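Residue numbers (the working numbering), protein chains in the order written: chain R, 1 to 431; chain A, 1 to 264. Down below is the structure, laid out as structure tokens.
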């Protein structure tokens with residue numbers, strides 16, 4: 001009998017269908033390890049780089065001693081990282097899709113495909129859109145981002161098919177690629193870039209590179225305009241150098257000095273208005289300002305800016321020690337909001353949660369991140385850093401960045417390394 | 001008499017992270033080669049058809065291989081299998097070395113190492129045996145491959161008096177304190193620390209753009225990470241990650257990854 005079968009042979013935890021039942025369970029909680037259920041319960045909300053990793057590591061490393069439930073609405077998860085490479089034609093759509101089957105089969109994670117819509121922090125239970133609720137000893141929220149209403153005047157979710165964000169991978173990504181392919185000859189693609197902080201700092205600019213790569217082949221007289229509220233952006237020198245080399249004259253960026261911070265859109269007319277001046281565009285990719293995924297606010301653990309402050313050493317919410325927050329949703333300090341960061345934070349969190357619930361060893365936390373970006377064929381760059389937990393924040397300790405003028409072989413090797421990283425991190429999340 | 005100092009860097013087709021690390025030590029490999037030449041150890045080597053210049057070149061080119069492979073008297077498996085009697089060997093056939101599934105299947109399919117098959121493999125390992133775990137992108141020059149294989153041929157067949165095996169990367173090469181190699185790693189701590197590695201390196205040993213690091217001999221693992229830590233091997237991510245690893249932490253990781261495939 002395999003290890004996974006043994007795990008599955010254990011009594012599965014049941015759903016607590018009512019708040020009353022949840023309260024009964026919680027009242028016995030003075031010592032988590034002597035719960036009537038026998039096993040401490042962890043509920044993870046969100047099955048991306050943070051949540052899937054945390055669920056996997058807690059279930060795997062506790063060898064069945066912790067009951068892990070993962071709540072994620074999507075049955076097939078498409079990674080935001082590498083979705084730009086799909087837009088650029090470097091990846092097939094199916095190659096960035098993943099299922100949760102192995103988490104259930106190999107590690108005994110209870111995968112619930114539903115939306116978490118509420119958190120009762122006193123009762124320690126999570127309400128689901130489908131009507132049920134899940135009791136927890138520790139709750140891990142890794143909900144990613146949502147968009148701030150009104151941040152780009154004229155745009156809201158009802159307009160996302162006319163002006164896609166494509167900043168949560170899925171149908172939006174496929175829609176944007178189809179719109180780019182359908183652009184008229186010599187047409188204009190416009191990106192409204194987000195203000196800081198936002199998911200994947202190099203992401204909008206890697207996307208520009210991928211759109212330029214596609215248009216250079218299929219529509220070489222097309223124009224690309226970035227309307228950007230930020231003075232500067234991630235890997236700026238590397239991207240601008242790459243655009244000059246690969247796509248000369250194709251990309252124009254309107255920064256805040258030329259009104260990039262005063263933008264509105266008119267989806268019906270396909271117009272972008274910059275500092276009062278309207279321009280007609282053919283594709284408009286609006287990436288609005290962002291905040292933590294809605295469940296974090298519903299749990300009442302977000303700050304005024306809409307992010308969830310955490311304790312760096314354990315990723316626990318500053319507002320509730322029974323809740324941990326991972327990835328993009330967390331207000332943590334110096335780490336960029338990236339899949340790599342979320343995966344790194346998840347392992348620190350998993351260790352802390354296991355330690356608290358089962359008494360397993362707790363080691364000093366450490367965090368790291370690397371972000372690879374593709375500028376053109378075989379032209380990859382990267383930026384990375386290591387971090388430590390201070391009382392105040394996750395603080396950067398060391399870092400590196402690719403340099404302009406690097407040889408073609410090094411850039412190709414960097415790209416190939418990113419392919420290896422993708423295979424590695426997705427195995428670390430889903431296998 | 002000196003070995004050509006540029007040989008080991010110039011034959012590389014592309015610069016994988018591992019290969020870039022190697023090229024940095026080309027000078028060291030050449031120095032080591034010339035040192036051994038001075039001792040006369042190469043005199044027993046050349047096989048039929050290989051002149052002594054070619055043999056010297058082949059030996060110097062082996063500098064790219066010897067971080068993972070040993071050959072000669074007492075050669076043992078290290079990161080890669082030993083290469084004594086590799087000519088005539090069925091691919092993936094040594095019972096006491098843990099091959100990739102791809103290599104075992106290639107052998108089961110009838111691949112036998114000979115001049116032509118080794119030449120094709122060395123030219124482009126990942127095309128010739130897809131999913132091989134060998135972290136090497138290939139040796140481009142046909143002359144270089146011929147020189148290397150001619151030298152290697154001397155370790156197959158009758159080698160009743162072989163020269164001693166060259167070590168894989170040695171502590172001395174990096175000025176590494178022997179006490180560091182003696183540290184017993186804490187596997188439980190290593191398992192936690194490994195989380196920082198497995199975002200990129202796969203625990204199943206797959207090698208696709210990023211090298212496999214599972215199942216390595218403990219010493220080789222420690223030497224490699226210490227080399228990154230002290231800037232003797234060059235790769236920005238690896239230098240950053242190892243920069244804050246203590247000697248005990250490196251030993252812990254070595255202990256963990258040594259057995260990671262048995263106990264994932």
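No residue lacks a Cβ here, since even glycine has one placed at the ideal position from N, Cα and C. Please read all numbers here as calculations on a predicted model, not as lab measurements.
Is it right to say residue 201(A) is buried, meaning 16 or more other beta carbons lie within 10 angstroms of its own, or is it exposed?
buried
So the candidates are 44(R), 179(R), 47(R) and 398(R); which of them puts its Cα closest to the Cα of residue 243(A)?
Scanning 44(R), 179(R), 47(R) and 398(R) for the CA closest to the CA of residue 243(A) turns up 398(R).
Rank 308(R), 283(R), 210(R) and 401(R) by C-alpha distance to the C-alpha of residue 86(R) and give the top, closest one.
210(R)
Out of 108(A), 84(A) and 254(A), which has the shortest C-alpha to C-alpha gap to residue 75(A)?
84(A)
Indicate whether the contact test is met: 3 or more Cβ pairs, each with one atom in the stretch 251–258 of chain R and one in the stretch 102–110 of chain R, closer than 8 Å.
no
Interface positions of the stretch 237–256 of chain A facing chain R (Cβ-Cβ less than 8 Å), listed along the chain
237, 239, 240, 241, 243 and 244
Mind checking the stretch 270–303 of chain R against chain A and listing, in chain order, the residues whose C-beta falls within less than 9 Å of any C-beta there?
none
Using a Cβ-Cβ distance under 8 Å, would residue 57(A) count as near chain R?
no
So, is residue 83(R) buried or exposed, given that buried needs 16 or more other C-beta atoms within 10 angstroms?
It counts as buried.
Residue range of the alpha helix (DSSP H) that residue 66(R) falls in?
Here residue 66(R) belongs to no alpha helix (DSSP H), and DSSP marks it neither H nor E.
Note down, in chain order, every chain R residue with its Cβ under 7 Å from the Cβ of residue 99(A).
Result: empty, since nearest Cβ-Cβ is about 20 Å, beyond 7 Å.
Express the C-alpha separation of residue 145(R) and residue 265(R) in angstroms, rounding to a whole number.
22 Å
Could you name the residues of the stretch 184–198 of chain A whose beta carbon sits closer than 8 Å to any beta carbon of chain R, in the order they occur along the chain?
188, 189, 191, 192, 193, 195, 196 and 198
By the criterion of Cβ-Cβ separation under 7 Å, what are the contact partners of residue 63(A) in chain R?
Those do not exist, as residue 63(A) stays about 20 Å from chain R at its closest Cβ, beyond 7 Å.
To which residues of the same chain is residue 78(R) closer than 6 Å at the C-beta, ignoring the five residues directly before and after it?
96, 97, 169 and 170
CA-CA distance, residue 1(R) and residue 359(R)?
Confidence at residue 1(R) is low in this model, with a pLDDT of 38, below 50, so its placement is unreliable and no value can be given for it.
Leaving aside the five residues before and after residue 185(R) along the sequence, list all residues of the same chain whose C-beta is less than 8 Å from its C-beta, in chain order.
219, 221 and 222
Can you name, in chain order, every residue of its own chain whose Cβ lies under 6 Å from the Cβ of residue 250(R), other than the five neighbours on each side?
212 and 224
Using 10 angstroms around the beta-carbon of residue 179(A), count the other beta-carbons present and answer buried if the total reaches 16, otherwise exposed.
Under this definition residue 179(A) is an exposed residue.
With residue 190(R) as the anchor, note down where its beta strand (DSSP E) starts and where it stops.
Residues 188–192.
Return the Cβ separation of residue 111(R) and residue 70(R) in integer angstroms, given the expectation that the two are a contact with Cβ distance under 8 Å.
5 Å
Spatially closest choice to residue 191(A) from 182(A), 86(A) and 203(A), by CA coordinates
Cα-wise, what sits closest to residue 191(A) is 203(A).
Residues of chain A with a CB under 8 Å from the CB of residue 398(R): which are they?
240, 243 and 244
Partners in chain A for residue 351(R), counting only beta-carbon separations shorter than 7 Å:
Neighbours of residue 351(R) on chain A, chain order: 192.
Just curious, the alpha helix (DSSP H) that residue 205(R) is in, first and last residue?
203–218
What residues of chain A sit near residue 340(R), judged by a beta carbon separation below 7 Å?
Counting only Cβ-Cβ distances below 7 Å, residue 340(R) has contacts in chain A at 199, in chain order.
For chain A, is any of its Cβ atoms less than 8 Å away from the one on residue 421(R)?
The beta carbon of residue 421(R) falls within 8 Å of a beta carbon belonging to chain A, placing the residue at that interface.
Write down the C-beta distance between residue 91(A) and residue 113(A) rounded to the nearest angstrom, noting that I regard them as a contact closer than 8 Å.
The Cβ separation is near 6 Å, so the contact holds.
Let's see if you can read the secondary structure: which residues bound the beta strand (DSSP E) around residue 386(R)?
379–389
Would you kindly work out how many angstroms separate the C-alpha atoms of residue 192(R) and residue 58(R), rounded to a whole number?
39 Å
Counting only Cβ pairs nearer than 7 Å, list the residues of chain A close to residue 424(R).
Those are 198, 199, 200, 201, 202 and 210, listed as they occur along chain A.
Cβ-based neighbour list, residue 341(R), same chain, cut-off 6 Å, excluding 5 preceding and 5 following
Cβ within range, chain order: 335 and 369.
When the Cβ atoms of the stretch 40–60 of chain R are set against those of the stretch 139–157 of chain R, are three or more pairs found closer than 8 Å?
yes
What's the gap between the Cα of residue 72(A) and the Cα of residue 155(A)?
6 Å
Simplified DSSP state of residue 155(A), which is helix, strand or coil
coil
Three CB pairs or more closer than 8 Å across the stretch 238–250 of chain R and the stretch 270–277 of chain R
no
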